[in-house]
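In the working numbering, the protein residues as written are 62 to 370.
Just below is one structure, and these are the notes that go with it.
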């Protein structure tokens, strides 16, 4: 392949629900951040270049805490900046808006850093496990666009991704008999309850159940450069539709671009299943469970017992 797959890390969020810059919070036995494990697993899978999408406000802390370690791990490191004012011509930031424009916008601001290479996308604050990175790297290395975009994602089971400490946001997936993605819908308030898991879209006035074995996206995606073209084409229309009704909080989600491409029959999205357990920190109360899980994985030999790099 002329262009090796690169890793894109969405790290612009300040961890508002968590109460701090969780991207660099130490969780490993030797003080590793959760993102260090993703970098370690991605490097083992074959990725050699990483693009960090951050905000200028966290740049110094991030470069010192994460960027330097990525260099030591053997990555070529690039940065992109998700700032509110990066909008299509003719649009401006609404007065009072402080919320980022969403995950699809994050990919758009990284267009130059990504270039024409296929790329995997992850969140900075999720632990995905080694298998997901191997699956996505191998897929991106062996598939190219034909009549349709050749995209992919690693799916996790919803029951393995919820938090006992509050609501979470997940991309709920529908797949066909061959395991190909039919649609993905962002549900922004999913919670476990006694007897099941449910979500609300109206602030808790009504709830709908979701089975624990529902396949969900944790934003571990594999894309060809065509994703950026599709996201760019849809962003202005998104703003025109949503700014009049929700100017301060509307978000352009990465899965919405995928769904639009599927509906227009422009893409095939192959769902790759990882047996690894997902771990993450949405709330501070989630941290002890993650710390213990990483300690056990190091003790079992999955990771070095000293520093990763």
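For each residue, glycine too, the CB sits at the ideal point set by N, CA and C.
Bear in mind the structure is a predicted one, so any value in this text is a computation, not a measurement.
Extent of the continuous beta strand (DSSP E) to which residue 181 belongs: Reading the chain shown from its first residue, position 120 is the one you call residue 181. Per DSSP, residue 181 belongs to the beta strand (DSSP E) from 180–184.
Range covered by the beta strand (DSSP E) that runs through residue 104: The residue labelled residue 104 in the question sits at position 43 within the chain shown. No beta strand (DSSP E) contains residue 104, which is instead part of the alpha helix (DSSP H) from 95–106.
Residue environment, residue 161, which counts as buried when at least 16 other CB atoms sit within 10 Å: Against the chain shown, residue 161 aligns to sequence position 100. Classification for residue 161: buried.
Buried or exposed (CB count within 10 angstroms, at least 16 for buried), residue 263: Here residue 263 refers to the residue found at position 202 when the chain shown is read from its first residue. Result: exposed.
Secondary structure of residue 350, DSSP reduced to three states: If you number the chain shown from 1, residue 350 lands on position 289. Correct three-state label for residue 350: helix.
Paired residues, beta bridge with residue 311 - DSSP: The residue you call residue 311 lines up with position 250 of the chain shown. Answer is none; residue 311 lacks a bridge partner.
Backbone CA spacing between residue 179 and residue 285 [nearest angstrom]: Here residue 179 refers to the residue found at position 118 when the chain shown is read from its first residue. Here residue 285 refers to the residue found at position 224 when the chain shown is read from its first residue. Their backbone Cα atoms lie some 4 Å apart in a straight line.
Best match in 134, 102, 144 for proximity to residue 118 [C-alpha to C-alpha]: Along the chain shown, read from residue 1 onward, the residue named residue 118 stands at position 57. Ranking the options by Cα distance to residue 118, first place goes to 144.
Alpha-carbon spacing of residue 135 relative to residue 204, whole angstroms: On the chain shown, residue 135 is found 74 positions in, with the first residue counted as 1. On the chain shown, residue 204 is found 143 positions in, with the first residue counted as 1. Whole-angstrom Cα-Cα distance: 25 Å.
Residue 92 versus 113, 114, 130, 256, residue with shortest Cα-Cα distance: One-based indexing of the chain shown puts residue 92 at position 31. Selected option, being the one with the closest Cα: 130.
Endpoints, alpha helix (DSSP H) assigned at residue 130: Taking the first residue of the chain shown as 1, we reach residue 130 at position 69. 129–133 is the span of the alpha helix (DSSP H), which, as asked, contains residue 130.
Helix, strand or coil at residue 191 according to DSSP, with G and I counted as helix: Position 130 of the chain shown holds residue 191. Residue 191 falls in the helix class under three-state DSSP.
Continuous alpha helix (DSSP H) stretch holding residue 170: start and end: Taking the chain shown and counting its residues from 1, the one referred to as residue 170 is at position 109. Unbroken alpha helix (DSSP H) run through residue 170: 164–170.
Which of helix, strand or coil DSSP assigns to residue 220: The residue labelled residue 220 in the question sits at position 159 within the chain shown. It is helical.
Cβ pair count under 8 Å reaching 3, the segment 297–310 against the segment 168–187: no
Residue 208 to residue 322 span [Cα, whole Å]: The residue labelled residue 208 in the question sits at position 147 within the chain shown. The residue labelled residue 322 in the question sits at position 261 within the chain shown. When rounded, the distance between both Cα atoms is 13 Å.
Start-to-end residues for the alpha helix (DSSP H) that takes in residue 260: Position 199 of the chain shown holds residue 260. Taken as a continuous stretch (DSSP letters only), residue 260 belongs to no alpha helix (DSSP H), being part of the beta strand (DSSP E) at 257–260.
Straight-line gap, residue 268 to residue 252 (C-alpha atoms, nearest Å): Your numbering for residue 268 matches position 207 in the chain shown. Your numbering for residue 252 matches position 191 in the chain shown. When rounded, the distance between both Cα atoms is 10 Å.
CB-CB length for residue 111 against residue 141, believed under 8 Å: On the chain shown, residue 111 is found 50 positions in, with the first residue counted as 1. On the chain shown, residue 141 is found 80 positions in, with the first residue counted as 1. Actually they do not touch by this definition, with Cβ atoms about 11 Å apart.
Residue 169 versus residue 293: straight-line alpha-carbon distance, rounded: Taking the chain shown and counting its residues from 1, one reaches residue 169 at position 108. Taking the chain shown and counting its residues from 1, one reaches residue 293 at position 232. Approximately 7 Å between the Cα atoms of the pair.
Expected contact under 8 Å - CB spacing of residue 114 and residue 171 to nearest Å: Residue numbering aside, residue 114 sits at position 53 when the chain shown is read from its first letter. Residue numbering aside, residue 171 sits at position 110 when the chain shown is read from its first letter. So it is a contact: roughly 5 Å between Cβ atoms.
The beta strand (DSSP E) enclosing residue 284, as first and last residue numbers: Start at 1 with the first residue of the chain shown, and residue 284 comes out as number 223. Looking at the DSSP string, the run of the beta strand (DSSP E) that includes residue 284 is 276–284.
Residue 258 versus residue 166 - alpha carbon distance: Here residue 258 corresponds to residue number 197 of the chain shown, with the count starting at 1. Here residue 166 corresponds to residue number 105 of the chain shown, with the count starting at 1. The alpha-carbon atoms of residue 258 and residue 166 are separated by roughly 29 Å.
Assigned secondary structure, residue 319 (DSSP; H/G/I helix, E/B strand, else coil): Within the chain shown, residue 319 is the residue found at index 258, counting from 1. In this structure, residue 319 counts as helix in the three-state DSSP scheme.
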